[in-house]
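Engineer: Letter by letter, the sequence shown follows residues 1 to 121 of full-length UniProt numbering.
First the structure, then my questions, so here it is.
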Amino acid sequence: MDECLPSDAVGRRVACDGERGTVRFVGTVPPTAELWLGVEWDNPDRGKHNGSHEGVHYVTCRHPKGGSFVRPKKASFGVDYLTAIRRRYEMEVQQVLGEEIQISMRTVEMVGFGAISEKQK
């Protein structure tokens with residue numbers, strides 16, 4: 001499978017060119033040999049077809065023109081909530097650990113912040 005494609009891609013939400021949708025199919029769509037994502041778009045006007053290609057039905061969409069096939073590299077799966085929180089706050093903690101701050105022109109050493117950071121993980 002493609003390295004940028006999660007193993008649980010079917011059913012996941014994606015964004016592509018500012019539009020959002022749900023992955024309904026992952027696989028090849030002949031005559032090409034590459035992987036495609038069959039996406040059902042939230043906005044059916046973004047879609048191009050009903051999930052069929054050359055008479056083969058790959059995706060079931062609620063709207064007759066609500067689906068399309070996109071390359072995995074064009075779709076963004078984003079990150080899960082917990083990963084986003086960890087990235088956001090661990091970066092700031094690491095920056096604080098490496099800094100000295102001054103209060104009233106006195107240098108203060110950041111003692112104990114490493115232990116606090118570990119407990120919060």
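Virtual Cβ for every residue (Gly too), placed ideally from N, Cα, C.
As the structure is a prediction and not an experimental result, all values here were calculated from the model.
Which class does residue 28 belong to by DSSP, given the choice of helix, strand or coil?
Structural biologist: Of the three classes helix, strand and coil, the one that applies to residue 28 here is strand, per DSSP.
Engineer: Mind checking residue 40: buried by the 16 CB within 10 Å criterion, or exposed?
Structural biologist: By the 10 Å Cβ count, residue 40 comes out buried.
Engineer: Check whether the Cβ atoms of residue 71 and residue 36 lie closer than 9 angstroms to each other.
Structural biologist: Cβ atoms of residue 71 and residue 36: closer than 9 angstroms.
Engineer: With a threshold of 8 angstroms, are at least 3 pairs of Cβ atoms found where one atom belongs to the region 50-64 and the other to the region 79-88?
Structural biologist: The answer is no - the region 79-88 does not touch the region 50-64, with fewer than three Cβ pairs under 8 angstroms.
Engineer: Tell me which residues share the same chain as residue 79 and place their Cβ nearer than 7 angstroms to its Cβ, disregarding the 5 neighbours each side in the sequence.
Structural biologist: Within the same chain, residue 79 has no close Cβ partners at all.
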